[in-house]
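119 is the number that this note's numbering gives the last residue of the sequence shown; the numbers go up by one with no jumps.
Let me begin by presenting the structure, written as structure tokens, before commenting on it.
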Amino acid sequence: MLEHLQQLQSIVVSGHRGWKSAYPENTLLSFQQALDLGVDMLELDLRMTRDDVVVVIHDAAVDRTTDGSGPVGDYTLEELKRLDAGGWFGKVF
């Protein structure tokens, strides 16, 4: 992919964690809105849960983006689903 990007003759706009200034980062809504806005690509980070499920989260820990604390790898997927990852951004989340 990097080779392809280096061959382009124009600027490539990437939605880093989606459209994180308008929506909670790394959410489906954030990604969709960034694509609707016209970004060329999305950039995201993957991490593994304690039960070996791949999840999308930028930080190694959940502290900054949720109401939880500690490393992503200390949580199971079901435990992560119970955390609030967007309520601070607005009631709709």
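Beta carbons: idealized from backbone N, C-alpha and C, even for Gly.
For this session: Label glycine 41 either buried or exposed according to how many other C-beta atoms from any shown protein chain fall within 10 Å of its C-beta, with 16 as the threshold for buried.
Result: With 16 or more Cβ atoms within 10 Å of its Cβ, glycine 41 is classed as buried.
Exercise. Who does glutamate 69 pair with in a DSSP beta bridge?
Worked result: Glutamate 69 pairs with His42.
Problem set entry | Whole-number beta carbon distance between valine 82 and leucine 70, since they are thought to touch under 8 Å | About 5 Å separates the two Cβ atoms, so the contact holds.
Exercise. Does DSSP put alanine 111 in a helix, a strand or coil?
Worked result: In the structure shown, alanine 111 sits in coil (DSSP, three-state: anything other than H, G, I, E or B).
For this session: Tell me where the alpha helix (DSSP H) around glutamine 35 begins and ends.
Result: Per DSSP, glutamine 35 belongs to no alpha helix (DSSP H) and is neither H nor E.
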